[in-house]
Amino acid sequence: MNSVSRSGRRALVATAGITATALALSACGGGSDDGDGGGSGGGDSLIVGTTDKITTIDPAGSYDNGSFAVMNQVYPFLMNTPLGSPDVEPDIAESAEFTSPTEYTVTLKDGLTFANGNELTASDVKFSFDRMVAIDDESGPASLLYNLDSTEVVDDTTVVFNLVSPDDQVFPQILSSPAGPIVDEDVFAADALTTDQEIVEGNAFAGPYAITNYDQNNLVSYEAFEGYEGLLGAPATETVNVRYYADASNLKLDVQEGNIDVAFRSLTATDVEDLRGDDSVNVVDGPGGEIRYITFNFNTQPYGATTPEADPAKALAVRQAAAHLLDREELADQVYKGTYTPLYSYVPEGLTGAVEPLLEQYGDGSGAPDAEAAAQVLQAAGVQTPVELNLQYSNDHYGPSSGDEYALIKDQLESSGLFTVNLQTTEWVQYSEDRTADVYPAYQLGWFPDYSDADNYLTPFFLTENFLGNHYSDEAVNDLILQQATTVDPAERQALIEQIQGAVAEDLSTLPYLQGAQVAVTGTDVQGVEDTLDASFKFRFGALSKG
180 MNSVSRSGRR ALVATAGITA TALALSACGG GSDDGDGGGS GGGDSLIVGT
230 TDKITTIDPA GSYDNGSFAV MNQVYPFLMN TPLGSPDVEP DIAESAEFTS
280 PTEYTVTLKD GLTFANGNEL TASDVKFSFD RMVAIDDESG PASLLYNLDS
330 TEVVDDTTVV FNLVSPDDQV FPQILSSPAG PIVDEDVFAA DALTTDQEIV
380 EGNAFAGPYA ITNYDQNNLV SYEAFEGYEG LLGAPATETV NVRYYADASN
430 LKLDVQEGNI DVAFRSLTAT DVEDLRGDDS VNVVDGPGGE IRYITFNFNT
480 QPYGATTPEA DPAKALAVRQ AAAHLLDREE LADQVYKGTY TPLYSYVPEG
530 LTGAVEPLLE QYGDGSGAPD AEAAAQVLQA AGVQTPVELN LQYSNDHYGP
580 SSGDEYALIK DQLESSGLFT VNLQTTEWVQ YSEDRTADVY PAYQLGWFPD
630 YSDADNYLTP FFLTENFLGN HYSDEAVNDL ILQQATTVDP AERQALIEQI
680 QGAVAEDLST LPYLQGAQVA VTGTDVQGVE DTLDASFKFR FGALSKG
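Numbering (our numbering), first residue to last: 180 to 726.
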């Protein structure tokens, strides 16, 4: 596409101006179908409620579940996961295959357009990945593209991804991840984030839906995009309005009173348990890949590299002591009523290669904490106790039970007499900036998988240039991660994945402790919620409809 025609399209755009544990609930009631937040009044409209938050809808600038929940509705992907399957297939692509060990060739379907009328071509594909890498935003998913060397346009419908290492077994999955949305090069900036308002005004969407009204973290309105030609097909519901709640109790109340049709992320475990006894709703449990973990900043944690008392051996001992003291069973039962289960692995149960090195190495070896072992590891390293630990959590991003969760973690660490924990909380928008700016020595994170492969629980966390930005670097681990991603033999690859988990359990860059399932509660007049809780771990409005 020549520059003159692209510039002409830009002028047209300028004048156009116009969603780990995924928790979904639906009530039986309904009301008006306007965009102001009443209940819906027919099969062609739904009201959705959530306590989640959007960071930005520019794919280069966000790597969180709340933002990706929007992107899944409005952006096209080259590869995607069909409902009911964890495996990727071509989405807006006609075909996608390795044409050499280091070349992955994608052919687009003919006649693709964005909602603003702009053509969607291979040039937009190259632009999307080039800008993701060039911007490399601290809060973005560019780290997933570690094996991408360059992107080459062959013709309007053909693009070739040139890879650094051959036989990349996860690259097709990465194309379906937060690093994979295809954006309009006439709307998005090439070297900086584009504001949400500019994106919406540019109508730069080509997924199942387009956004028609956008008030960040208050209300987002969607309308089905007729030009979507992808794997997921036409949405079952024409319009969807998403309301954002600051308080989970208000979300639950609106579910019960029928003011919203669907709610996802997040209610308390007590609320879910209560709703299970409500005759007006049906509870549906689905597969989930969410994990909860504590991240340690290797620079600013006690005895971290930039602290006055810097000592790598003592810093490791602090992390090991914390691992010995966590009581996962108590957290799962007391805080989450069994909606989460203990996690002793870096790869959650159910994925190929998952093992439990944390169970064997820390605590009493059977899952219970061991204060004596924690005391011994600190004493052997010469650490004076109690250790002062500043521990941060988000009070709005990982559900309203996070306060109880971290109060209990504080109690578990302090009851040993080995730690003094200064517990602090910050709202997510600020939290997501602070955590990569070395503000938090230790802090809460959760992970909602981008794709259903063990690699997604290793690569973003433990490569030298990783998403966490916590200054963890281990050359041997880095090399093993790169090796597993390009190992063709399944048995050999599984063995490498298991080896990596053992190695990072020694380092304790992060400390996983809970694994969550997906839970849905639906009313009899909302259909398709089961499909949104499939093995792809993605929540998509297009499957939902009023019966």
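Cβ atoms here follow ideal geometry from the backbone N, Cα and C, with glycine treated the same way.
Please read all numbers here as calculations on a predicted model, not as lab measurements.
Rounded to whole angstroms, how far is the Cβ of residue i from the Cβ of residue j, which I believe are closer than 8 Å?
{"i": "Leu557", "j": "Leu597", "result": "6 Å"}
{"i": "Gly721", "j": "Pro481", "result": "Their Cβ separation, rounded to whole angstroms, is 48 Å, which puts Gly721 and Pro481 out of contact at 8 Å."}
{"i": "Asp231", "j": "Arg444", "result": "5 Å"}
{"i": "Tyr651", "j": "Ser688", "result": "4 Å"}
{"i": "Gln697", "j": "Gly467", "result": "4 Å"}
{"i": "Val338", "j": "Val312", "result": "Actually they are not in contact, since the Cβ atoms of Val338 and Val312 sit about 15 Å apart, beyond 8 Å."}
{"i": "Tyr472", "j": "Tyr692", "result": "6 Å"}
{"i": "Val514", "j": "Leu592", "result": "Not quite, the Cβ-Cβ distance comes to about 15 Å (not below 8 Å), so this is no contact."}
{"i": "Ala547", "j": "Ser595", "result": "At roughly 13 Å, the Cβ-Cβ gap does not stay under 8 Å, so Ala547 and Ser595 are not in contact."}
{"i": "Ile314", "j": "Ala371", "result": "7 Å"}
Using a Cβ-based criterion (distance less than 8 Å to any ligand heavy atom), does residue i qualify as near the ligand PLP?
{"i": "Asn326", "result": "Annotation note on the ligand PLP: not contained in the displayed structure, which lists no ligands."}
Would residue i and residue j qualify as a contact pair, given that the criterion is a beta-carbon distance under 9 Å?
{"i": "Ala560", "j": "Leu495", "result": "yes"}
{"i": "Thr440", "j": "Val227", "result": "For clarity, residue 440 is Asp in the given sequence; the question names Thr instead. Cβ atoms of Asp440 and Val227: closer than 9 Å."}
{"i": "Thr286", "j": "Thr336", "result": "yes"}
{"i": "Gln694", "j": "Leu522", "result": "yes"}
{"i": "Tyr283", "j": "Ala294", "result": "no"}
{"i": "Phe306", "j": "Phe340", "result": "no"}
{"i": "Ser724", "j": "Thr391", "result": "no"}
{"i": "Asp632", "j": "Leu530", "result": "yes"}
{"i": "Leu510", "j": "Glu584", "result": "yes"}
{"i": "Val683", "j": "Val705", "result": "no"}
{"i": "Pro628", "j": "Glu469", "result": "yes"}
{"i": "Asn485", "j": "Arg614", "result": "Checking the displayed sequence, the identity of residue 485 turns out to be Thr instead of Asn. No, these two residues do not count as a Cβ contact at 9 Å."}
{"i": "Ile233", "j": "Asn396", "result": "yes"}
{"i": "Asp686", "j": "Asp634", "result": "no"}
Give every residue of the same chain whose Cβ lies closer than 7 Å to the Cβ of residue i, excluding the five residues on either side of it in the sequence, and list them in chain order.
{"i": "Ala500", "result": "Ala553, Val556, Leu557, Leu597"}
{"i": "Pro639", "result": "Ser322, Leu323, Asn645, Phe646"}
{"i": "Asp617", "result": "Asn476, Asn478, Thr479"}
{"i": "Glu273", "result": "Thr286, Leu287, Lys288"}
{"i": "Ile660", "result": "Leu637, Thr638, Phe641, Leu642, Ile679"}
{"i": "Glu671", "result": "none"}
{"i": "Phe277", "result": "Tyr283"}
{"i": "Asp328", "result": "Asn341, Leu342, Val343"}
Who are the near neighbours of residue i in its chain, counting only those whose CB is closer than 6 Å to its CB and skipping five residues on each side?
{"i": "Gly216", "result": "Note that Gly216 scores 39 on pLDDT, short of 50, meaning its location in the model is unreliable; the coordinates nonetheless yield the value given after this. Cβ neighbours of Gly216 beyond the five flanking positions: Arg422."}
{"i": "Glu709", "result": "Val463"}
{"i": "Thr418", "result": "Ser224, Glu402"}
{"i": "Ser186", "result": "Residue placement at Ser186 is poorly supported in this model, since its pLDDT is 34, which falls under 50; the coordinates are not used for a value here."}
{"i": "Tyr393", "result": "Val379, Val399"}
{"i": "Phe367", "result": "Thr373"}
{"i": "Lys431", "result": "Leu446, Asp450"}
{"i": "Thr604", "result": "Tyr572, Asn574"}
{"i": "Pro487", "result": "none"}
{"i": "Asp346", "result": "Pro280, Thr665, Val667"}
{"i": "Tyr610", "result": "Ser573"}
{"i": "Ala425", "result": "none"}
{"i": "Asp490", "result": "Tyr482"}
{"i": "Tyr519", "result": "Ala511, Leu693, Gly695"}
Based on the DSSP output, what are the partners of residue i in its beta bridges?
{"i": "Asp394", "result": "Leu398"}
{"i": "Tyr622", "result": "Thr474, Gln571"}
{"i": "Asp334", "result": "Thr337"}
{"i": "Ile226", "result": "Asn420"}
{"i": "Glu276", "result": "Thr284"}
{"i": "Met250", "result": "None, per the DSSP bridge assignment."}
{"i": "Glu268", "result": "Asn259"}
{"i": "Leu124", "result": "The first residue shown for the chain is 180 and the last is 726, placing residue 124 beyond what the model contains."}
{"i": "Thr605", "result": "Ser573"}
{"i": "Gln706", "result": "Ser724"}
{"i": "Tyr388", "result": "Ala403"}
{"i": "Thr520", "result": "Gln694"}
{"i": "Thr292", "result": "Glu298"}
Flag residue i as yes if its beta-carbon sits less than 9 Å from any beta-carbon of chain C, otherwise no.
{"i": "Gly319", "result": "The question asks about chain C, but that chain is absent: this structure has only one protein chain."}
I'd like the list of long-range same chain contacts for residue i, defined as Cβ closer than 8 Å, with 5 residues on each side in sequence excluded.
{"i": "Lys516", "result": "Ala448, Thr449, Val451, Glu452"}
{"i": "Asp270", "result": "Pro255, Phe256, Leu257, Met258, Asn259, Ser355, Gly409, Leu410, Leu411"}
{"i": "Asn251", "result": "Thr198, Gly386, Lys717, Phe718, Arg719"}
{"i": "Thr292", "result": "Glu298, Leu299, Ala385, Gly406"}
{"i": "Lys493", "result": "Pro481, Tyr482, Ala560, Gly561, Val562"}
{"i": "Lys427", "result": "For the record, residue 427 in the displayed sequence is Ala; it is not Lys. Excluding sequence neighbours, Ala427 sits near Thr230, Ser445, Leu446, Thr447, Asp450, Gly578, Pro579."}
{"i": "Gly733", "result": "Any property of residue 733 remains undetermined from this structure, which presents the chain solely from 180 to 726."}
> Would the stretch 614-628 and the stretch 568-581 be scored as touching if the rule is three or more Cβ pairs under 8 Å?
Replying inline: yes
> Touching or not, the stretch 347-360 and the stretch 230-250, by the rule of three or more beta carbon pairs under 8 Å?
Replying inline: yes
>> Quick test of the definition: if touching needs 3 or more C-beta pairs under 8 Å, does the stretch 316-329 touch the stretch 377-390?
In response: The answer is no - the stretch 377-390 does not touch the stretch 316-329, with fewer than three Cβ pairs under 8 Å.
>> With three or more beta-carbon pairs closer than 8 Å as the criterion, would you say the stretch 529-537 touches the stretch 563-572?
In response: no
>> Taking 8 Å as the cut-off, does the stretch 671-690 touch the stretch 518-537 (at least 3 CB pairs, one atom from each stretch)?
In response: Yes: at least three Cβ pairs fall under 8 Å.
> Within the chosen definition, does the stretch 661-672 reach the stretch 427-437 through at least 3 CB pairs nearer than 8 Å?
Replying inline: At 8 Å Cβ cutoff, the stretches do not touch.
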